[in-house]
Amino acid sequence: MAPKLSREEGQLEWEMGAHEIDRRARALQPWPGATLPTPRGRVKVLSGHLEGDRYMLDVVQLPGKKPAPAKQVLGDA
2 MAPKLSREEG
12 QLEWEMGAHE
22 IDRRARALQP
32 WPGATLPTPR
42 GRVKVLSGHL
52 EGDRYMLDVV
62 QLPGKKPAPA
72 KQVLGDA
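Positions in the sequence shown are counted from 1; adding 1 to them yields this note's numbering.
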């Protein structure tokens with residue numbers, strides 16, 4: 002049996018690279034979920050996609066808030 006995932010394993014970093022972030026974000030849904038650092042703090046990644054060698058956030062969630070489009074939450078950040 003595989004070990005249980007911890008919340009800390011969902012804390013991703015941009016330095017991981019787009020393909021690694023994409024794989025982990027999909028693998029960590031729904032638990033523990035994936036978070037990434039942004040200028041507004043860490044956001045939970047609910048959906049995103051690869052655009053060439055970049056990972057683009059589609060839907061994110063700030064702590065204590067409802068899910069929203071990343072462009073609405075983060076602007077051009």
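Note that beta-carbon positions come from the ideal geometry of N, C-alpha and C, so glycine has one too.
Keep in mind the model is a prediction, meaning the values are calculated, not measured.
Item	Value
Would you mind giving the Cβ-Cβ distance between Pro33 and Glu10, rounded to the nearest angstrom? I have them listed as a contact below 8 Å.	6 Å
So if DSSP puts Pro38 in a beta bridge, which residue, or which two residues, is it bridged to?	Arg43
Considering only their Cβ atoms, is the gap separating Leu63 from Gly49 smaller than 7 Å?	no
Can you tell me which of the three DSSP states Leu51 falls into?	strand
Exposed or buried, Leu6, counting other C-beta atoms within 10 Å across all chains shown (16 or more means buried)?	exposed
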